[in-house]
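What follows is a short report on a single structure.
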Amino acid sequence: MAKELTPRSENYSEWYNDLVIKADLAENSAVRGCMVIKPYGYAIWEKIQAALDKMFKDTGHSNAYFPIFIPKSFFSKEASHVEGFAKECAIVTHYRLKASLDGKGVVVDEDAKLEEELIIRPTSETIIWDSYRNWIHSYRDLPLLINQWANVVRWEMRTRLFLRTAEFLWQEGHTAHATKEEAIEETFKMINVYADFARNWMAMPVITGRKTENERFAGALDTLCIEALMQDGKALQSGTSHFLGQNFAKAFDVKFTTKEGAQEYVWATSWGVSTRLMGALIMAHSDDNGLVLPPKLAPTQIVIVPIYKKEEELAAISEQADKIVASLRGKGYSVLYDKRDTHKPGWKFAHYELKGFPVRIAIGPRDLENGTVEIARRDTLAKEICPMTSLEKKIEFLMSDIQNNIYQKALKFRKDNTHFVNTYSELRHIVEEKGGFAYAHWDGTSETESKIKEETKATIRCIPMDDIVEKGKCVYSGKPSERRVLFARAY
RNA sequence: CGGGGUGUAGCGCAGUUGGCUAGCGCGCCACGUUCGGGACGUGGAGGCCGGAAGUUCGAGUCUUCUCACCCCGACCA
1 MAKELTPRSE NYSEWYNDLV IKADLAENSA VRGCMVIKPY GYAIWEKIQA
51 ALDKMFKDTG HSNAYFPIFI PKSFFSKEAS HVEGFAKECA IVTHYRLKAS
101 LDGKGVVVDE DAKLEEELII RPTSETIIWD SYRNWIHSYR DLPLLINQWA
151 NVVRWEMRTR LFLRTAEFLW QEGHTAHATK EEAIEETFKM INVYADFARN
201 WMAMPVITGR KTENERFAGA LDTLCIEALM QDGKALQSGT SHFLGQNFAK
251 AFDVKFTTKE GAQEYVWATS WGVSTRLMGA LIMAHSDDNG LVLPPKLAPT
301 QIVIVPIYKK EEELAAISEQ ADKIVASLRG KGYSVLYDKR DTHKPGWKFA
351 HYELKGFPVR IAIGPRDLEN GTVEIARRDT LAKEICPMTS LEKKIEFLMS
401 DIQNNIYQKA LKFRKDNTHF VNTYSELRHI VEEKGGFAYA HWDGTSETES
451 KIKEETKATI RCIPMDDIVE KGKCVYSGKP SERRVLFARA Y
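Residues 1 to 491, numbered by the working numbering, are exactly what the first sequence covers, in order.
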């Protein structure tokens with residue numbers, strides 16, 4: 001393993017790949033396009049899961065689990081949905097192997113062909129709505145608020161660790177409601193949960209908005225999203241929430257009896273975030289020394305490194321360190337005391353910076369004498385000497401200050417790289433050369449959007465929800481526009 | 001699926017017009033000296049040179065076929 005990361009300025013994409021590998025988050029597997037998520041990467045994902053899961057439960061949702069296989073026929077029941085996913089499906093056609101004729105391996109047993117092929121889920125709307133038909137009969141059964149943590153498969157051509165893999169982990173919420181209004185409210189509620197999570201846990205600012213028709217989820221009437229800006233000036237869609245109308249209820253014949261005794265189709269939503277959030281987290285904050293993790297999602301928040309020459313020194317330091325570990329753990333922090341003698345302090349400093357531990361405490365003989373420790377924070381790399389007596393206070397301050405600081409830093413970066421453009425050449429300049437978000441007027445047509453995408457590779461990331469509405473003229477066609485929309489090149 | 005590229009030690013690579021025992025750096029193991037920002041010395045282990053067939057006295061090197069992976073496009077959370 002090389003010691004250094006490729007600097008971001010030299011090759012951003014290489015920096016990202018290097019970091020994922022060297023920080024031991026994930027690696028490519030023997031299966032093309034699929035990744036192995038390594039323990040440290042998975043530990044971060046578990047933190048993400050735990051926080052989101054609690055937010056889902058707090059908003060009234062329950063977890064359930066549906067099969068990974070979906071009968072092919074289910075897919076053809078909702079026309080636009082099948083069209084959206086048909087090109088990237090993995091299909092199970094057989095259920096048995098047999099020894100090959102030359103005796104050296106195994107081959108597919110052609111006698112074991114399935115009557116109906118099974119699709120490995122690219123998303124679970126169809127199988128879930130097939131079940132909901134039996135679960136929902138009366139208005140009393142509604143709303144039905146279910147979430148599933150699962151893996152899904154989308155046969156992508158080009159993959160990148162966490163950002164786009166053929167198999168990925170995610171959660172998918174699937175809710176059913178008696179009224180359109182209630183379903184729409186749910187769609188908004190969940191995109192706001194995602195936005196809160198991004199801001200408060202990932203320390204990542206996001207723009208909340210609505211997708212254009214071109215970018216909408218296959219089978220949805222409306223798709224809401226959160227969009228984040230990465231350090232290379234590209235946008236990353238980090239979460240989506242869909243209002244599905246009655247499309248799936250009609251496709252799977254899910255009706256309920258109203259209070260008045262009428263039969264009506266139920267209204268649906270679905271919403272999800274994936275292991276792509278790991279990519280967002282990495283690209284939002286990390287630097288040329290490695291990962292920078294927000295304290296709320298760091299698997300280990302504090303590492304203690306002893307500095308010593310002799311065994312007796314280590315013993316004395318360890319006595320002190322053990323006390324610190326106990327007191328900080330008592331306060332609820334996750335702490336690692338790394339007293340391995342197989343690595344030197346300098347190596348450990350670099351190692352834990354690469355891994356993004358938010359705070360490092362170093363203790364040497366000098367500190368024992370003075371009743372101090374050295375504290376280094378990962379976000380700024382600043383070091384200071386802290387008296388033992390105020391250590392707990394200092395840690396408490398650092399945890400919230402680092403969390404806040406990296407959010408502010410990311411927010412400032414986004415502000416500095418967000419531009420209001422009024423002409424097509426300005427738009428091109430921003431998205432093609434400078435990078436970043438460009439707010440521009442758009443005439444609202446798919447044709448214009450597609451042309452701009454073709455010519456600049458930039459897409460409308462969203463029609464922002466909480467922005468000032470202002471009339472103008474489309475930068476491309478010159479036709480009237482009701483409001484500015486958010487353009488950027490995206491992952 | 002188009003266009004380009006690469007397969008040699010765990011990782012990154014070198015290997016000349018074909019030449020004898022296939023090298024280098026990092027990592028790994030042992031011992032010693034070190035230890036407040038990625039230590040150093042000495043010794044050591046580790047290879048069907050992607051696979052198959054061919055040319056040749058001799059193939060990592062040449063020929064043919066094959067397999068795999070990577071990069072750039074079209075597609076996407």
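Each residue gets a CB set at the ideal place from its N, CA and C atoms; glycine is no exception.
Cut-off 7 angstroms between Cβ atoms - residues of its own chain near residue i, not counting five sequence neighbours on either side
i, result
"residue 387", "371 and 372"
"residue 189", "59"
"residue 406", "203, 285, 292, 294 and 379"
"residue 137", "256 and 257"
"residue 82", "75 and 76"
"residue 211", "223, 225 and 462"
"residue 133", "252, 253 and 254"
"residue 217", "223, 240 and 242"
Residue i in three-state terms, based on DSSP
i, result
"residue 347", "helix"
"residue 259", "coil"
"residue 403", "helix"
"residue 286", "coil"
"residue 254", "coil"
"residue 312", "helix"
"residue 61", "coil"
"residue 365", "helix"
"residue 127", "helix"
"residue 142", "coil"
"residue 218", "coil"
"residue 88", "helix"
"residue 1", "With a pLDDT of 33 at residue 1, under the threshold of 50, the modelled position of this residue cannot be trusted; read the value that follows with caution. Correct three-state label for residue 1: coil."
Sequence-distant residues of its chain with Cβ nearer than 8 angstroms to residue i (five each side left out)
i, result
"residue 409", "285 and 379"
"residue 213", "446"
"residue 1", "Annotation note: pLDDT 33 at residue 1 (below 50); position unreliable, coordinate value reported separately. If we look at residue 1 and ignore the five residues flanking it on each side, its Cβ neighbours are 22."
"residue 15", "5, 6, 7, 8 and 288"
"residue 413", "229 and 231"
Close-in-space but distant-in-sequence residues of the same chain around residue i (CB under 6 angstroms, 5 per side omitted)
i, result
"residue 489", "234, 431, 457 and 458"
"residue 492", "Since the displayed the chain opens at 1 and closes at 491, residue 492 lies outside it and no answer follows."
"residue 228", "204, 206, 236, 238 and 280"
"residue 112", "94, 95 and 96"
"residue 69", "118"
"residue 265", "246, 249, 250 and 255"
"residue 86", "none"
Boundaries of the alpha helix (DSSP H) in which residue i is found, first to last residue
i, result
"residue 307", "Unbroken run through residue 307: none, as it is neither H nor E."
"residue 58", "39 to 58"
"residue 449", "446 to 456"
"residue 191", "180 to 200"
"residue 21", "12 to 22"
"residue 81", "79 to 85"
Range of the contiguous beta strand (DSSP E) that encloses residue i
i, result
"residue 238", "235 to 245"
"residue 425", "From DSSP, residue 425 is part of no beta strand (DSSP E) but of the alpha helix (DSSP H) over 424 to 428."
"residue 274", "267 to 274"
"residue 437", "437 to 441"
"residue 162", "Taken as a continuous stretch (DSSP letters only), residue 162 belongs to no beta strand (DSSP E), as it is neither H nor E."
"residue 487", "484 to 488"
"residue 74", "Here residue 74 belongs to no beta strand (DSSP E); instead the alpha helix (DSSP H) covers 72 to 75."
"residue 209", "207 to 210"
"residue 337", "335 to 337"
Counted within 10 angstroms of its Cβ, other Cβ atoms place residue i as buried (16 or more) or exposed
i, result
"residue 437", "buried"
"residue 273", "buried"
"residue 485", "buried"
"residue 381", "exposed"
"residue 247", "buried"
"residue 129", "buried"
"residue 41", "buried"
"residue 157", "exposed"
"residue 143", "buried"
"residue 397", "exposed"
"residue 385", "exposed"
"residue 124", "buried"
"residue 420", "exposed"
"residue 469", "exposed"
"residue 333", "buried"
Should the segment 85 to 101 be called in touch with the segment 234 to 250, which here means at least 3 C-beta pairs below 8 angstroms?
no
Sufficient close CB pairs (3 or more, under 8 angstroms) joining the segment 317 to 332 to the segment 244 to 258
no
Taking contact to mean at least 3 C-beta pairs separated by less than 8 angstroms, is the segment 16 to 23 in contact with the segment 149 to 156?
With the cut-off at 8 angstroms, the segment 16 to 23 and the segment 149 to 156 do not touch.
Does the segment 117 to 132 touch the segment 72 to 92, meaning 3 or more C-beta pairs lie closer than 8 angstroms?
Segments in contact, yes.
Under 8 angstroms: do the segment 304 to 316 and the segment 357 to 364 share three or more Cβ pairs, one atom per stretch?
By the criterion of at least three beta-carbon pairs nearer than 8 angstroms, the segment 304 to 316 is in contact with the segment 357 to 364.
Touch check for the segment 419 to 435 and the segment 468 to 477: three-plus C-beta pairs under 8 angstroms?
yes
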